[in-house]
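What follows is one structure encoded as structure tokens, with my remarks underneath.
Protein chains in written order, with our numbering: chain B, 1 to 418; chain E, 1001 to 1095; chain D, 2001 to 2472.
What follows is the structure, given as structure tokens:
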């Protein structure tokens, strides 16, 4: 009986599932997501659904229709997003662990801002059945917990092929918890220099590079390498994610479930009013952007181009993993921003996803773990990226780091006693 | 590229969104900035690169043709905003 | 000036799978509204499609029979539009890499129609307006029923060619068993693209698309109407507008459908929820080898091997179940022509009297074959056999048991027949007199009396012979 939190875009039978959107109203799914069913079967007890950015679109959990989540380390700051509620709940010790979803960093970035460990698994290894889709080709469910060992235990339960998700596959990993030896001798850690250049906060840079030193002291080999596609990852990601989102969110029309606007005149008006009043600004922005990149005359220049760039990014990773076992990068350019600072400039918010989105584009596993704190006492996260099905390697390296450090043991005020 | 309010109208129509007039210009400006930034991709030569929709070599995932009982209708209709015992209701939609 | 009509067809055919294309709900026709539905086919959030293996197999079989190139690497795409009969607000279809391309169909009279492509997609739901509440009810039972859409090149010039193609298509698909092609249940639906041009012109005119054509008759009439409408427009100096028009069966006319906004912009893109399909050579070879014999081949074979008349061949291949019934009966030893006569006569009459489809027929080939064998062997005369047929048809009864229980075996004992002849001659001296004085009619009467004496069970040929001998 372990208490867990479930991000509110994961369907729970008979229990309100809102995606933090007005448009889902009081939606109670008549079915259960595979991920939550597996955890429940394994003895988890849900203590509640966790707040998030509306439809997982946002980097601060401020786009929620139900209001923002506060960062337990500093209540004037955002917890990150979109799985901000899950990360904050684990950091505040409200639950032992939580499940979130990660489309472009939505597990890793809030884990980083809140000082917890989070994993975005290899695409397809955790069933998406019952996860309300944002961008189907990028979405993945994963754990947020206090350390790598807990994440391993949760992933051991979550991973596996699901006959109801055609994109899921037999986990070629498993027994992750048993595999945590902490032995990283000979492991080759790649440090992409392109991820440590301009735009990265100095305190974050130092803390992340210190991870390399710890692993080196345990026998890992650290090599620098170039990853020359960094400037393309954010535009490619936002084109693909917005395109899929524009289609995935079309089903919310006030007919079958959820909220319906009042005072409409005819069918077209029902659609327009329900969707215009039911979606928040950020969601509408991405729907419009996605509709634009798919529309006649722009498809080739934007959507098709982004799919080509995706292939180039995937290839860049393939090349990196020819010489390295893992990559070490920051999770975010800086620590948690103040509430209310991010939404005014959407493009700036998108750009802050620069270190996380490429992992989703390439379908790779990525892990975020606490590796320091800044001068204000806010947690800093480091990201480890592995090749497909490299979860074991990823978690073992994190476990090795956490065996020598105690960043993951620190809790915000009020959470220490637990 | 220039994102005009006409273009915003067009994609809004396709998306079944109707932005109030006062939001339209702001949206056009934001989209123009975002789309302008996306033009960075044109710096990368992708001639001859096959567009990649599925990142995995996963293929041929099928289901057997065997009937499973359908869901209880009352459960399927329970979330409908316009209640009806047997169907989803919409304003007149038949020509 | 003479005008030429140019027509292309888009035909939607519902596949005869047991379950829907992306979920395990039944495809059975009818059912109370929304009772053949689940979270997947009603587009509930978080649900995902998983492709039915049989849909792929049926689409490939159809493509092979229509002489198409089979696409070895095929994918699904999303076609996005809002309408209440489409709960996800996108239809999963195929645009970029359809399963079959470049086929051709011989429609007789030396005419070949080219198939542009054949692709798999899901059907939409049904909308029924309720005037009492002034609301439309959406029923999603049909949502997700698998379809193939078969698109031809603009190769037709007349309504007759269109009908011949559809007949051929229907025959082919029903023989393959991939669809029942019932227009009245909507399992074969057709959109007609039509334009006109001056005869001899190499350019295509502006075309219109006609929808809601629910019978071959409607298709033929709509084509004639629309061609004339376009010709008249041009002759009046007006121009044809590219649009979708609806055929109104009652008014015998097409009219423009409310044009929705500007042009449609479906924003097709690759369906991320369904991995691509790659077909191996082995898979294709196996399906090719398993293709059933189609109607034209059967007709040719029956004519060549069994000398069956063309008319019989056409009748018996009008339905694949009937054709199989015929072949199975022959395989059990029935002479082909006898089997054909029984099926075209008694079997079709029995089906028609019961308003029954061949598929639902209770009678089995062994029963009919046994009945024919009894007649051929002289154990049963034909009139009695027809009675036995009627008696055993509905429950596929045991012919031998019925004949035995009702004492219907033909009397093949000459002594018994002779005794009956004796009795009849004694009882009818007048007729004997008449016969001897040359009145042939009297002979027929005497034969009838003997048959009656033997309760109809005698072989009429034996009665004739013995009576003639006795009177000689």
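Backbone N, C-alpha and C define an ideal beta-carbon position, used for all residues, glycine too.
For residue 2264 of chain D, same chain residues with a beta-carbon under 8 Å away, outside a window of 5 residues either side, are 2081 in chain order. Nothing from the segment 2188–2201 of chain D brings a Cβ to less than 8 Å from some Cβ of chain E.
Straight-line measurement puts the Cα of residue 2239 of chain D at about 29 Å from the Cα of residue 1006 of chain E. At a C-beta separation below 8 Å, residue 33 of chain B has these neighbours in chain D: 2046. Among the residues facing chain D, residue 165 of chain B is included, as its CB has a counterpart in that chain under 7 Å away. Straight across, the Cα-Cα distance linking residue 2241 of chain D with residue 2106 of chain D is about 32 Å. Note on residue 2210 of chain D: 16 or more other CB atoms within 10 angstroms of its CB, so buried under the neighbour-count rule. In the three-state scheme derived from DSSP, where H, G and I count as helix and E and B as strand, residue 2136 of chain D is classed as strand. Taking the Cβ atoms as the reference, residue 252 of chain B lies roughly 7 Å from residue 275 of chain B, within the contact range of under 8 Å.
In this structure, the straight-line span from the alpha carbon of residue 186 of chain B to that of residue 219 of chain B is close to 6 Å. Cα atoms of residue 394 of chain B and residue 81 of chain B: separation of roughly 22 Å, rounded to the nearest angstrom.
Residue state for residue 376 of chain B is assigned as coil, using DSSP reduced to three classes. The alpha helix (DSSP H) runs of length 4 or more contained entirely in the segment 2002–2076 of chain D are, from start to end of the chain, 2053–2065.
If one requires a minimum length of 4 residues, the alpha helix (DSSP H) runs lying completely within the segment 125–169 of chain B are 148–158, in chain order.
At a cut-off of 7 Å between beta carbons, residue 130 of chain B contacts chain D.
Around residue 123 of chain B, the same chain offers 140 and 363 as residues with beta carbons nearer than 7 Å, after the five sequence neighbours per side are excluded. Counting only the Cα atoms, residue 2133 of chain D lies some 35 Å from residue 1021 of chain E. Nearest to residue 2462 of chain D by alpha-carbon distance, out of D/2425, D/2426 and D/2378, is D/2378. Here residue 100 of chain B has 7, 83, 86, 107 and 144 as same chain residues with Cβ atoms under 6 Å from its own Cβ, once five neighbours each way along the sequence are excluded. Contact check for residue 19 of chain B against residue 130 of chain B fails: the beta carbons are separated by 7 Å or more. Sorting B/234, B/350, B/272 and B/392 by C-alpha distance to the C-alpha of residue 358 of chain B places B/234 at the top. Around the Cβ of residue 147 of chain B, a 10 Å sphere holds 16 or more other Cβ atoms; the residue is buried. In terms of Cβ geometry, residue 2084 of chain D and residue 1090 of chain E form a close pair [threshold 7 Å].
Contact of residue 291 of chain B with chain D by beta-carbon distance below 7 Å involves 2267. Here the alpha carbon of residue 213 of chain B sits roughly 30 Å from the alpha carbon of residue 59 of chain B.
CA-to-CA, the gap between residue 2296 of chain D and residue 1064 of chain E works out to about 32 Å. In this structure, residue 343 of chain B lies away from residue 2267 of chain D, with their beta-carbon atoms at least 7 Å apart. According to the DSSP assignment, residue 238 of chain B belongs to the alpha helix (DSSP H) that extends over 230–248. In this structure, DSSP gives residue 2223 of chain D a helical state, which the three-state scheme calls helix.
For residue 2208 of chain D and residue 2066 of chain D, the gap between their C-alpha atoms comes out near 26 Å. For residue 2431 of chain D, the closest C-alpha among the options D/2416, D/2450 and D/2419 is that of D/2450. Along the segment 2350–2438 of chain D, the alpha helix (DSSP H) occurs as fully enclosed runs of 4 or more residues at 2365–2376, 2382–2393, 2399–2405, 2414–2427 and 2429–2436, listed in sequence order.
For residue 1017 of chain E, there is no enclosing alpha helix (DSSP H), as DSSP marks it with neither H nor E. Secondary structure at residue 59 of chain B: coil, using DSSP grouped into helix, strand and coil. Close to residue 253 of chain B, with beta-carbon spacing below 7 Å, are these residues of chain D in chain order: 2082 and 2089. Beyond the five residues adjoining it in sequence on each side, residue 2366 of chain D comes within less than 7 Å, by CB distance, of 2332 in the same chain, given in chain order.
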